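Visitor: Numbering (UniProt numbering), first residue to last: 1 to 234.
I have a structure here, written as structure tokens, and I will follow up with some questions on it.
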């Protein structure tokens, strides 16, 4: 059994509508102790994410270019609008979540494997992801902490998952031990390919922290150039 995002996500999500005002968004983030929230369209689809950074751009732009009372000349303001500060300037004028938010949103499907969510977080440098269904509607949110739940699975659940995926001919020949997520495979299979198949499967079971391979076999039937690196055959 592969654990998916919907198995570990949080379904109690704080979100805002596109038309929510600057003040309403700021108040919502402060009251809930959040650094950001998904922005939803009228039909519940995630269209962006609004964060503290998005809100602070209003004050940031004022301080960087206006000061307390200073109004730069029109030419200067147009240069900022057309150049590298265009995004900052545009958001400094925003009054609603839809105008302030960052888009496109980085989301993950509820049916995606947890490793897919982890890779998305790492690639984009984020700590949480809105979770959506096939139509893009918000169904939950998943955080790095949620993903860690995979590694605190019950040892017996892991053992059963490993056993379920063993080659049928090797089920009665392989002993499976699990302690704190560390799986030990021992026994003697008929062929080396059976042993390699068992090792590959065990390494890819959710919640396995490490694998100790104590398997032996009677006949070596695996190709001479077949090796395993990182849980995959090469």
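The beta carbon of each residue, even a glycine, is placed where N, CA and C say it ideally should be.
Being a predicted model, the structure only gives us computed values, none of them experimental.
Measure from the alpha carbon of residue 96 to the alpha carbon of each residue in 128, 117, 41, then state which is nearest.
Guide: It is 41.
Visitor: Taking residue 179 as part of the beta strand (DSSP E), name the residues at either end of that continuous run.
Guide: Here the beta strand (DSSP E) through residue 179 covers 174–179.
Visitor: Alpha carbon to alpha carbon, how far is residue 195 from residue 9? Give it in angstroms, no decimals.
Guide: In a straight line, the C-alpha of residue 9 is about 35 angstroms away from that of residue 195.
Visitor: Taking the C-alpha atoms as reference points, what is the distance between residue 130 and residue 160?
Guide: Their backbone Cα atoms lie some 31 angstroms apart in a straight line.
Visitor: Under a Cβ-count criterion, where at least 16 other Cβ atoms within 10 Å of its own Cβ denotes burial, should residue 146 be classed as buried or exposed?
Guide: Counting Cβ neighbours within 10 Å, residue 146 comes out buried, since at least 16 surround it.
Visitor: Closer than 8 angstroms is the cut-off here; do at least three beta carbon pairs connect the segment 105–119 with the segment 42–52?
Guide: Yes, the segment 105–119 is in contact with the segment 42–52.
Visitor: Can you tell me where the alpha helix (DSSP H) with residue 3 in it begins and where it stops?
Guide: Where residue 3 is concerned, there is no enclosing alpha helix (DSSP H), given that its DSSP letter is neither H nor E.
Visitor: Under a Cβ-count criterion, where at least 16 other Cβ atoms within 10 Å of its own Cβ denotes burial, should residue 51 be classed as buried or exposed?
Guide: So residue 51 counts as buried.
Visitor: Taking all protein chains shown into account, do 16 or more other C-beta atoms lie within 10 angstroms of the C-beta of residue 260, making it buried, or fewer, making it exposed?
Guide: Any property of residue 260 remains undetermined from this structure, which presents the chain solely from 1 to 234.
Visitor: Quick check on residue 143: does DSSP put it in helix, strand or coil?
Guide: If DSSP states are grouped into helix, strand and coil, residue 143 belongs with the strands.
Visitor: Which word fits residue 128, buried or exposed, when buried means at least 16 other C-beta atoms lie within 10 angstroms of its C-beta?
Guide: With 16 or more Cβ atoms within 10 Å of its Cβ, residue 128 is classed as buried.
Visitor: Taking DSSP as the reference, what is the three-state secondary structure of residue 127?
Guide: If DSSP states are grouped into helix, strand and coil, residue 127 belongs with coil.
Visitor: Just to confirm, is the Cβ distance from residue 179 to residue 187 under 8 angstroms?
Guide: No; because the gap between Cβ atoms is not below 8 angstroms, this pair is not in contact.
Visitor: Taking residue 11 and residue 182 to be in contact with their CB atoms under 8 angstroms, please state how far apart those CB atoms are, rounded to whole angstroms.
Guide: About 31 angstroms; that fails the 8 angstroms criterion.
Visitor: According to DSSP, is residue 193 helix, strand or coil?
Guide: In this structure, residue 193 counts as helix in the three-state DSSP scheme.
Visitor: In whole angstroms, what separates the C-alpha of residue 5 from that of residue 210?
Guide: Near 22 angstroms, if we compare the C-alpha coordinates of residue 210 and residue 5.
Visitor: Okay, do the segment 149–166 and the segment 200–209 touch, 3+ Cβ pairs below 8 angstroms being the bar?
Guide: Because the criterion of three Cβ pairs below 8 angstroms is met, the segment 149–166 and the segment 200–209 touch.
Visitor: Does the beta-carbon of residue 86 have 16 or more other beta-carbons within 10 angstroms, so that it is buried, or is it exposed?
Guide: Note that residue 86 has pLDDT 47, beneath the 50 cutoff, so the model's placement of it is unreliable and the number below is only indicative. The residue in question, residue 86, is exposed, as its Cβ has fewer than 16 Cβ neighbours within 10 Å.
Visitor: For the beta strand (DSSP E) containing residue 26, name the first residue and the last one.
Guide: Residue 26 -> not in any beta strand (DSSP E); alpha helix (DSSP H) instead, spanning 22–32.
Visitor: Could you pull the DSSP bridge partners for residue 200 from this structure?
Guide: Answer is none; residue 200 lacks a bridge partner.
Visitor: May I have the straight-line CA-CA distance separating residue 35 from residue 203, to the nearest angstrom?
Guide: Roughly 36 angstroms between the two C-alpha positions.
Visitor: Taking the alpha-carbon positions, what's the residue 19 to residue 114 distance?
Guide: Residue 19 and residue 114: Cα-Cα distance of roughly 32 angstroms.
Visitor: Assign residue 37 to one of three DSSP states: helix, strand, or coil.
Guide: Here residue 37 sits in strand by DSSP.
Visitor: DSSP has residue 184 in a bridge; who is on the other side?
Guide: In DSSP, residue 184 forms a bridge with 177, 212.
Visitor: Compare the Cα-Cα distances from residue 134 to each of 126, 124, 112, 150 and report the closest residue.
Guide: When only C-alpha atoms are compared, the closest one is 112.
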